[in-house]
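Contents: one structure, followed by commentary.
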Amino acid sequence: MSEQLVSNPLKFEANPYHNLVLKDRKILDLTGVKQIDSFDSNEFLLETSQGWMLVQGKELTLGKLDTERGEVCIKGLIETIQYLTNKKSGNEKEHFLTRLLK
Numbered sequence: 002m003s004e005q006l007v008s009n010p011l012k013f014e015a016n017p018y019h020n021l022v023l024k025d026r027k028i029l030d031l032t033g034v035k036q037i038d039s040f041d042s043n044e045f046l047l048e049t050s051q052g053w054m055l056v057q058g059k060e061l062t063l064g065k066l067d068t069e070r071g072e073v074c075i076k077g078l079i080e081t082i083q084y085l086t087n088k089k090s091g092n093e094k095e096h097f098l099t100r101l102l103k
């Protein structure tokens with residue numbers, strides 16, 4: 002399976018309210034997403050109306066993207082959902098993944 006890495010952030014209008022619903026650790030529905038900074042099959046780095054969020058797991062895919070409503074659905078095995086105090090933490094991981102994929 003090939004890795005996908007988005008280098009340019011996907012920015013879109015966001016709902017000012019941020020909610021997440023995790024279904025059986027396989028489907029994560031999010032609202033209030035401002036942008037997807039990067040993603041691959043192991044992690045997503047997103048900016049929400051409540052701050053930066055890192056989602057980690059296995060075989061992660063973007064199931065739904067509604068840029069007008071700021072809604073995102075991530076499918077795969079969800080292992081970790083973490084809010085970051087600053088984006089720098091997520092960028093360090095992104096650079097590490099970028100180096101691995103080269």
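Per the working numbering, residue 2 is the first one in the sequence shown, and the count goes up by one each step. By construction, the Cβ of each residue, glycine as well, lies at the ideal position given by its N, Cα and C atoms.
Can you name the residues that DSSP bridges to residue i?
i, result
"E72", "D67"
"Y84", "M54"
Do residue i and residue j have their CB atoms nearer than 8 Å?
i, j, result
"V56", "L66", "no"
Between residue i and residue j, what straight-line distance do the alpha-carbon atoms span, to the nearest angstrom?
i, j, result
"L61", "S50", "22 Å"
"S42", "K59", "6 Å"
"S39", "Q83", "15 Å"
"F45", "G52", "14 Å"
"T81", "V22", "14 Å"
"I37", "I75", "11 Å"
So the candidates are the options; which of them puts its Cα closest to the Cα of residue i?
i, options, result
"I69", "K27, K35, H19 and L29", "Correcting the residue identity first, residue 69 is Glu in this sequence and not Ile. The shortest Cα separation from E69 among K27, K35, H19 and L29 belongs to K35."
"E48", "E80, Y18 and I79", "Y18"
"L63", "G33, G71, G77 and T32", "G77"
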